[in-house]
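Residue 674 in this note's numbering sits at position 172 of the sequence shown; the count goes up by one each step and never skips.
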Amino acid sequence: MAWFKRVRKPIEPQANKESRVPEGLWVKCPSCAEVVYNKDLAATSNVCPKGAHHFRIGAAERLRLLFDGPCQEYDQHLQSTDPLKFVDTKPYRKRLDATIAQTGMKDAVVCATGQIDGIETSVAAMEYTFIGGSMGVVVGEKITRAIERGIERRLPVVIVSSSGGARMMEGALSLMQMAKISAALARLDRARLPYVSVLTDPTTGGVTASFAMLGDVNIAEPKALIGFAGPRVIEQTIRQKLPEGFQRSEFLLERGMLDLVVDRRELKAAIARVLRFGQASKPKSAVEPVAAAAAVPGALSTS
């Protein structure tokens, strides 16, 4: 009874009390639990200075880290027109519009040319925040054009992958991009021009199953998740516990699926060494003119 027992009232939170510490100034490292000041993190290329955890970065930041200076972006106007009129939890058109407004990008890849340690290079960098970096018709077209730009101008090609796989809201049209990009890379190989594939966290699905693993040299960032199906799906399928570090870049390096695992702060120098080696070992040869691959009718818009 309340007569013989003190009833403790819960402490009511003060409404609308402003914090004296501004939000977004500090980040907690998921690897070492160190609290890092945002400006210090930016100074180390978004790599934790203590635990070396590689935080995810966007395509624009990726290009800034790779290029020596200003770069020329291409095909930024390309945008999907929702060819299948797809609807899941909400219409694909609305999902696209919301993501475009949120990210300020038309789709999940940025393609540009610029110099990497003095070497003119065609680079495509994927953006994971745009519908999980999924590969639809626009992504496939832009990467194919970046490869063909390299062939026409005798430039090496670097593709930085960060993707959940093919964009299923575009159905079979998205799966066709796997063959389309792979065919362009075959033409790049016949032109005897180097292709460096950089795999970051995460690189999965149809991207891994196609161009991400086709590089003359495949480089990954430390502890990046790389695979086709996710670990949870594989465990449920085979009914077995997966080994420690399964589908992480170090695990794949030990089994010969990758050539290098490189810290992001040393990535630019590593790519430059590979490109110089490729230039020295692949003499120039006559190249057949390559016509631009035709886009799937109704899949692209220049508006």
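The C-beta atom is built at its ideal place from N, Cα and C for all residues, glycine as well.
Closest by CA to residue i, which one among the options?
i	options	result
residue 603	760, 718, 753, 631	631
residue 634	565, 671, 689	671
residue 570	701, 625, 718	625
residue 732	701, 666, 772, 774	666
residue 779	577, 698, 714	698
residue 578	711, 692, 607	607
residue 541	705, 527, 673, 702	527
residue 616	576, 711, 729, 610	576
residue 726	745, 760, 713, 711	760
residue 657	705, 621, 770	621
residue 605	648, 559, 587	559
residue 777	600, 580, 660, 610	660
residue 655	678, 696, 636, 668	696
residue 546	637, 749, 734, 769	769
residue 752	721, 781, 735	721
residue 747	771, 728, 715	728
residue 767	701, 549, 534	549
residue 565	700, 599, 510	700
residue 683	702, 704, 714	714
residue 692	534, 649, 755	649
residue 810	719, 587, 581, 756	Any property of residue 810 remains undetermined from this structure, which presents the chain solely from 503 to 805.
residue 673	508, 639, 663	639
residue 710	679, 594, 601, 533	679
residue 663	627, 675, 694, 652	627
DSSP puts residue i in a beta bridge; with which residues?
i	result
residue 814	The structure shown does not extend to residue 814, since the chain is modelled only from 503 to 805, so the question has no answer here.
residue 613	576, 626
residue 668	637
residue 556	549
residue 537	530
residue 621	618
Is DSSP giving residue i helix, strand or coil here?
i	result
residue 545	helix
residue 676	helix
residue 590	coil
residue 663	strand
residue 764	coil
residue 743	coil
residue 651	helix
residue 642	helix
residue 596	helix
residue 658	coil
residue 778	helix
residue 601	helix
residue 608	coil
residue 510	coil
residue 734	helix
residue 564	helix
residue 795	Because residue 795 sits at a pLDDT of 41, beneath the cut-off of 50, its placement in the model cannot be relied upon, and the following sentence gives the value as read from the coordinates. Residue 795 falls in the coil class under three-state DSSP.
residue 755	helix
If I'm right that residue i touches residue j with Cβ under 8 Å, what's the distance once you round it to whole angstroms?
i	j	result
residue 686	residue 623	Incorrect: roughly 16 Å between the Cβ atoms, too far for contact.
residue 568	residue 618	6 Å
residue 765	residue 561	With 8 Å as the limit, residue 765 and residue 561 do not qualify as a contact, their Cβ atoms being about 20 Å apart.
residue 551	residue 538	7 Å
residue 637	residue 668	5 Å
residue 706	residue 730	7 Å
Practice task
With a floor of 4 residues, list each alpha helix (DSSP H) that falls wholly inside the stretch 677-727, ordered by position along the chain.
Solution key: Within the stretch 677-727, the complete alpha helix (DSSP H) runs of at least 4 residues are 707-710.
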